[in-house]
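Visitor: One structure, as structure tokens, below. Some questions next.
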Amino acid sequence: MTGNHISNATVGAVVQARAIRGDIHIHTRPAARITPRQLPRGPRLLVDREEVRKTLDDAPADSTILLAGSGGAGKTALALAWLHRKAGRYPDGQLFADLRGYSSGGPIPPGRVLGEWLRALGVAPEQIPASLDERSALFRSLTAGNRFAVLADNAASTAQIKPLLPGPGCLMVVTARDLLGGLLVNGARALALGPLEESLPGTARFADRSRTTRRRNRRRSHAGARLRPAALAVCLTGATLATHPDWPIARLAHGLTLPAFDTDDGAMTEIFDSAYNHLPDDETRRLYRLLSHHPGPDITPEAAAVLADTTIEAVTPRMEQLAEANLINETRGRFSFHDLAHDHACTTAKKYGAGDDATGAFVRCAYWYLRTAAAAQKVLIPGRWYLGRVFTEAPDAQLTDRTALEWLAAERLNLLAIANVAHQRGLHTLAWQIAEACWGLFVRRRYYDTWINLYETGLKAARVAGDLEAQARMLQGQASAFLGMRCYDRAEALATRALGLAVDSSHRHAEATSLELIGLVELGCGDHADAREHFDAAREIYHDLDDERGAMLMTRHEAEADLAAKNYGRAIELLTEAEQWCAVRPEESYLRSRCLIRLGRAHRLLSHHQAALDTLEKALDLSRATDAHQQQAEILIEFADLAASMGKPDLEQRHLREAHAIYTELGAAEAATVASRLVPKTE
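Residue numbers (the UniProt record's numbering): 1 to 683.
Below, the structure is given as structure tokens:
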């Protein structure tokens with residue numbers, strides 16, 4: 001893959017095939033200009049750090065800066081406040097990642113971060129390289145010569161940072177607890193953050209502003225000279241004082257002293273203990289402890305209610321009280337821990353382990369995630385065959401197609417974390433069922449890194465459980481991911497292994513799915529005849545199983561092979577057969593629409609313009625009826641292609657704009673591809 005400036009980058013021309021027949025013609029379009037604005041909201045109030053901010057102001061606009069300091073020193077707050085203030089210097093955008101270098105779940109791999117950043121820069125998911133080195137090189141190419149500000153927060157090591165460095169011309173800000181020598185050797189500028197020098201004014205501003213100036217000044221004179229705390233300590237103490245307006249600041253001053261700050265283990269324990277002890281009731285304190293047993297990066301009140309075995313109505317005000325006390329953070333209705341707060345919550349929870357029933361809380365929460373994910377999956381693809389027992393249960397949640405997809409997307413990292421911990425704790429069946437329950441999310445949104453990692457965890461769990469059928473299912477999931485990334489050799493190897501396990505376990509459905517995947521690999525490589533053979537073999541199995549849906553899917557795949565081979569007449573015949581099967585089954589409206597999309601494409605390629613128009617209009621009506629927004633955008637692209645073939649550029653642009661609006665609203669990577677076809681409007 002190659003790249004230059006975002007404004008005129010070519011995000012690759014990649015050919016991967018086992019056999020090449022005939023001529024190769026490669027057509028590329030410049031990637032659309034994407035301006036990501038990923039920085040979280042900065043602090044409303046930032047005290048002290050004037051000298052550090054002046055130093056930052058004087059730093060070159062294309063430098064690498066390391067903000068180092070103890071946990072809770074305010075590194076992230078300072079970085080965000082300064083970067084938001086300097087946003088105008090970086091018009092091409094800001095990128096952000098919390099590397100979770102000190103979290104209990106371990107640091108985030110740099111490859112995953114690069115995958116998210118490349119998506120944000122407009123690279124289509126299937127064009128993101130698999131290897132870390134290739135991702136890093138593409139990221140440098142796309143950012144080189146542009147003005148990007150990149151914040152890598154909570155870094156654990158130089159090795160975690162080096163692949164994330166942008167190309168020349170960009171600013172990189174790294175926060176870490178230690179001075180990362182490898183970065184310094186490569187020219188990074190280090191700024192060490194010590195304790196705050198102006199803690200009491202800052203604490204007072206966090207506290208109730210109704211306090212009188214006279215009382216505030218008097219308290220400063222008693223305690224101010226000896227206070228040099230961490231920034232987080234100021235926030236925690238200020239929050240405590242805000243909820244106790246009659247207390248003097250000196251009452252908590254002992255927790256802000258330098259000796260407490262300088263202690264390595266439990267440096268802020270006294271401050272955290274004070275905030276914890278002054279929570280309004282035992283149930284709020286219990287919730288704080290239980291939240292430490294949630295392994296994911298954030299949590300909603302609904303999940304917290306399950307964790308605490310209570311109601312959403314009861315848990316929501318308690319979550320808000322914890323946020324007001326600065327013991328957890330809140331962002332758009334989702335709550336998370338600062339890593340120091342998480343450590344304190346874990347330590348505190350150990351004192352109440354038996355009484356809180358932490359194991360029961362995790363298991364209860366994990367099964368809730370699994371059941372909700374399964375319910376969402378069944379909404380997205382109701383007729384698919386499933387291996388997990390959870391799919392036979394009545395759903396707990398009532399979801400639409402849109403809400404099911406959005407829930408899975410929002411919870412994908414939590415689901416990955418839950419699966420990992422479940423596997424570690426011996427809940428192997430739960431772990432691999434979570435992977436199966438995320439299938440609909442991955443095929444529609446294509447979060448390839450999470451897709452592969454989750455199914456890899458599921459495969460490990462299935463192996464430990466000795467479940468051959470589940471192993472085959474997990475291998476099929478991985479094969480599908482690599483197929484979508486056009487890593488055909490890898491996909492074929494995984495599908496072949498799945499086929500062997502399916503045969504060994506005599507699971508005919510798994511055997512048919514494995515044959516289907518091998519056929520899709522061959523279709524991707526241009527081996528149309530071999531693909532048809534595998535689709536035919538899979539269809540025979542589906543017929544033996546009386547699985548009409550599976551047989552219909554093979555008919556559709558065979559039509560896709562005919563489309564690729566330019567056998568348009570036969571493709572129309574097969575697609576019409578598949579569409580008619582779906583037409584009498586209302587629950588298969590989504591699949592019917594997909595058949596109609598390809599049928600419309602076949603008519604267009606034969607210049608049957610009216611037939612193509614009528615077919616695509618049916619597809620659009622169905623997708624609107626099922627609230628399938630992603631598919632609506634895909635159909636609008638087909639309309640645009642049809643308009644182009646009819647010599648109607650204005651109509652083509654109108655359809656493209658409508659598709660682009662949908663993809664943008666969904667946050668889909670296809671928005672960039674569509675944007676590259678848009679012609680700027682003239683005044």
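Glycine included, each C-beta is placed from N, C-alpha and C at the ideal position.
This structure is a prediction, so every number in the text was calculated from the model and none was measured.
Suppose you measure from the CA of A512 to the CA of E456; what does that come to, to the nearest Å?
Guide: 21 Å
Visitor: What residue from L164, T310, A358 and D467 has the CA that sits closest to E283's CA?
Guide: T310
Visitor: Starting from Q377, trace the alpha helix (DSSP H) in both directions and tell me its first and last residue.
Guide: A358 to L380
Visitor: Within a Cβ cutoff of 6 Å, which residues of the same chain sit near A155, ignoring the five residues on either side of it in sequence?
Guide: Closer than 6 Å at the Cβ level, and outside the excluded window around A155, lie L99, G101, I161, V174 and A176.
Visitor: With 16 as the cutoff for other CB atoms within 10 Å, does S141 come out buried or exposed?
Guide: buried
Visitor: Would you mind sorting K681 into buried or exposed? The rule is 16 or more other CB atoms within 10 Å of its CB.
Guide: exposed
Visitor: For R364 and E330, what's the separation of their Cα atoms in angstroms?
Guide: 23 Å
Visitor: Strictly by DSSP, which residues pair up with A495?
Guide: Answer is none; A495 lacks a bridge partner.
Visitor: Which runs of the alpha helix (DSSP H) fall wholly inside the stretch 489-538 and span at least 4 residues, in chain order?
Guide: 508-524
Visitor: Distance, Cα to Cα, L613 vs E577?
Guide: Whole-angstrom Cα-Cα distance: 19 Å.
Visitor: CA-CA distance, V315 and A341?
Guide: 19 Å
Visitor: Can you have a look at L252 and say buried or exposed, based on whether 16 or more other CB atoms are within 10 angstroms of its CB?
Guide: Low confidence applies here, because L252 scores a pLDDT of 48, under 50, leaving its location unreliable and the question unanswered by this model.
Visitor: Mind listing, in chain order, the continuous alpha helix (DSSP H) runs of no fewer than 4 residues lying wholly within the stretch 596-676?
Guide: 609-625, 629-645, 649-666 and 670-675
Visitor: Rounded to whole angstroms, what's the CA-CA distance from S593 to V584? Just pull it up for me.
Guide: 13 Å
Visitor: Over the uninterrupted beta strand (DSSP E) stretch that includes M172, give me the two end residues.
Guide: L171 to A176
Visitor: Can you name the start and end residues of the beta strand (DSSP E) that I65 belongs to?
Guide: T64 to G69
Visitor: According to DSSP, simplified to helix, strand and coil, what is R147?
Guide: coil
Visitor: Given this structure, state the Cα-to-Cα distance separating T348 from D273, to the nearest angstrom.
Guide: Our two residues, T348 and D273, have alpha carbons roughly 9 Å apart in a direct line.
Visitor: Rounded to whole angstroms, what's the CA-CA distance from T372 to P395? Just pull it up for me.
Guide: 7 Å
Visitor: Per DSSP, S336 forms a beta bridge with which residues?
Guide: N329
Visitor: Please check the pair H660 and A675, which I expect to be a contact at CB under 8 Å, by giving their CB distance rounded to whole angstroms.
Guide: 6 Å
Visitor: Distance, Cα to Cα, R53 vs D401?
Guide: 48 Å
Visitor: Measuring CA to CA, which of T158, C346, A491 and W117 is closest to R286?
Guide: C346
Visitor: Enumerate in chain order the residues of its own chain whose CB-to-CB distance from A538 is below 6 Å, with the five nearest sequence positions on each side excluded.
Guide: A512, L515, E516 and M554
Visitor: So the candidates are A124, L67 and W581; which of them puts its Cα closest to the Cα of A188?
Guide: L67
Visitor: In three-state DSSP terms, what is A190?
Guide: strand
Visitor: Identify, in the order they occur along the chain, each residue of the same chain with its Cβ nearer than 7 Å to the Cβ of E588, setting aside the five sequence neighbours on each side.
Guide: Within the same chain, E588 has close Cβ partners G383 and C582.
Visitor: Going by DSSP in three states, A59 sits in which element: helix, strand or coil?
Guide: coil
Visitor: Taking DSSP as the reference, what is the three-state secondary structure of A73?
Guide: coil
Visitor: What three-state label does DSSP hand R41 in the structure shown?
Guide: coil
Visitor: I need the straight-line Cα distance from A149 to A672, nearest angstrom please.
Guide: Between A149 and A672, the alpha-carbon positions lie close to 21 Å from each other.
Visitor: Among the residues of its own chain, which have a CB less than 7 Å from the CB of C595, if the five just before and after it don't count?
Guide: R556, L575, A578, E579 and C582
Visitor: Could you spell out where the beta strand (DSSP E) holding A97 opens and where it closes?
Guide: G93 to D98
Visitor: Rounding to the nearest angstrom, what Cα-Cα distance links R89 and D641 in this structure?
Guide: 39 Å
Visitor: Quick check for students: name the residue ranges of the beta strand (DSSP E) that lie wholly in the stretch 427-495, counting only runs of 3 or more.
Guide: For the stretch 427-495, not a single whole beta strand (DSSP E) run of length 3 or above is found.
Visitor: Tell me whether N277 sits in a helix, a strand or coil according to DSSP, three-state version.
Guide: Helix, per DSSP.
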